[in-house]
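In terms of the working numbering, the sequence shown opens at residue 0 and continues consecutively.
A short write-up of the structure that comes next.
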Amino acid sequence: MHSFIRKIRNQAKKNPKHIVFPEGAEERVLHATEIITKDKIAKITLLGNPKTIKDKAKKLKLKIDWKKVHIENYKTSKLKESFAKELVKLRKSHKLTLPQARELLKDMNYFGTMMVQMDLADGMVTGTTNSTADSIRPALQIIKTEEKFHKVSGVFFMVLEKRLLL
């Protein structure tokens, strides 16, 4: 294992956080879930249809301890209505209506971002199947940046066998 990954993993184990993965049925997310739960790196919430997610993991022959993973079906979740009402308050200056908020929450990234906003998760990892714009837009609209920070940036790491590229 690359030393960079080992350092991140060890740091995360010291203070495990609750991370939501909006793309819950995506293959790379499921592989990560297997590792994260086995190594007790974080508490995981996967968004999506529980049957679809578990069937996909089974097909991939993954050994995920489902007792350590929460799956939230964002399309049918009981949280949707409270999230929609809070989203209307947060986007009041943009005159967002309740029906519009409900529509936004049909998007996995908006739902996941609201989980972070409402302190139901510490962070979110997304972007395996969505564009950067679709991944970050909900966070910019809901969580926003602090006033003293006007720019947002992303970073991409390529961890190769003998080197790390940023």
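Beta carbons are placed, not taken as given, at the ideal position from N, Cα and C, and that holds for glycine.
From a predicted model like this one, the values you see are computed outputs, not experimental measurements.
| Query | Result |
| --- | --- |
| Ile-18 lies in the beta strand (DSSP E); which residues open and close that run? | 16-20 |
| Gly-122 bridges to which residues according to DSSP? | Ile-18 |
| Quick one: is Gly-23 buried, meaning 16 or more other Cβ sit within 10 Å of its Cβ, or exposed? | buried |
| Exposed or buried, Ala-132, counting other C-beta atoms within 10 Å across all chains shown (16 or more means buried)? | exposed |
| I'd like to know whether the C-beta atoms of His-17 and Thr-36 end up nearer to each other than 8 Å. | no |
| Which partner residues of His-69 appear in the DSSP bridge assignment? | Thr-44 |
| Determine the extent of the alpha helix (DSSP H) in which Ile-35 is found, giving its start and end residues. | 26-37 |
| Does the contact criterion of 3 or more C-beta pairs under 8 Å hold for the stretch 83-94 versus the stretch 54-62? | no |
| Determine whether the beta carbon atoms of Pro-7 and Glu-33 lie at a separation below 8 Å. | First, the amino acid is wrong: residue 7 is Ile here, not Pro. For Ile-7 and Glu-33, no; Cβs fall outside 8 Å. |
| Tell me the start and end of each unbroken alpha helix (DSSP H) in the stretch 88-144 that is at least 4 residues and wholly inside, in chain order. | 97-103, 107-116, 131-141 |
| The alpha helix (DSSP H) that contains Ser-152, what's its start and end? | Looking at the DSSP string, Ser-152 is not in any alpha helix (DSSP H), and its letter there is neither H nor E. |
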